[in-house]
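Numbering (this note's numbering), first residue to last: 9 to 179. Every residue, glycine too, gets a C-beta built ideally from N, C-alpha and C. Remember, it's a predicted structure, so these values are computed and weren't measured experimentally. In what follows, a structure is listed as structure tokens, so that the remarks can point back to it.
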């Protein structure tokens, strides 16, 4: 079921948590194609805590907009923990935000000609003051459903990271 922009409780909770911390967030998306940013921006008052969203679909965009190293992309692949961590870290560094979210994956319906990973493979990274947390996940369904699952998982990780830092825990 697609998310409803009229009442996105998770995004609203993230906004409240960011605002309570005085933090700003930036988002780097590949496979989600802007859905993470759209969900965050559906919250009234997002301008208080949302800095920017970048859809860096190509390798060139990841290098240009996020500062990801060409050799890293070549050696590890775009859908890898090192590459997605570099996306989050590069975005955080370039934007000056407190916390950054990045994701890359394979939405399908066919797999990638550049990667042996199956459709639904996704890597999400959250770069924050305590370092960068990366998770690899596997989703199933249509291309649109995989995109929605990526957005939901990324937002869940973002909220957990904000709350973890608010409690004084490094993730």
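Checklist entry - Nearest CA to the CA of residue 87: which residue from 124, 159, 155? => result Nearest option by C-alpha distance: 124.
Checklist entry - What distance in whole Å lies between the Cβ atoms of residue 92 and residue 111, which are believed to be in contact at a cut-off of 8 Å? => result Confirmed, Cβ separation roughly 7 Å.
Checklist entry - Beta carbon of residue 36, beta carbon of residue 99: below 7 Å? => result At the C-beta level, residue 36 and residue 99 come within 7 Å of one another.
Item to check | With 16 other Cβ atoms within 10 Å as the buried cut-off, status of residue 116 | outcome: Buried, because 16 or more other Cβ atoms sit within 10 Å of the Cβ of residue 116.
Checklist entry - Going by beta carbon distance, what residues of the same chain come within less than 8 Å of residue 149, once the five residues before and after it are set aside? => result In chain order, 128, 157 place their CB closer than 8 Å to the CB of residue 149, counting only its own chain and leaving out the 5 sequence neighbours on each side.
Checklist entry - Whole beta strand (DSSP E) runs in the segment 28-116 with 3 or more residues, listed along the chain? => result Taking only runs of at least 3 residues, the beta strand (DSSP E) segments lying wholly in the segment 28-116 are 33-37, 58-63, 107-113.
Next on the checklist: Under DSSP, the beta strand (DSSP E) around residue 139 begins and ends at which residues?
Outcome noted: 139-146 is the span of the beta strand (DSSP E), which, as asked, contains residue 139.
Next on the checklist: Once DSSP output is grouped into helix, strand and coil, what is the label at residue 136?
Outcome noted: The answer is strand: DSSP assigns residue 136 an E or B state.
Checklist entry - What whole-angstrom Cβ distance do residue 20 and residue 51 have, given they're in contact under 8 Å? => result About 5 Å; that satisfies the 8 Å criterion.
Item to check | Cβ separation of residue 109 and residue 166, assumed to be a contact under 8 Å, to the nearest whole Å | outcome: So it is a contact: roughly 5 Å between Cβ atoms.
Next on the checklist: On a Cα-Cα basis, can you pick out the residue from 161, 155, 134 that is closest to residue 172?
Outcome noted: The residue with the shortest Cα to Cα distance from residue 172 is 134.
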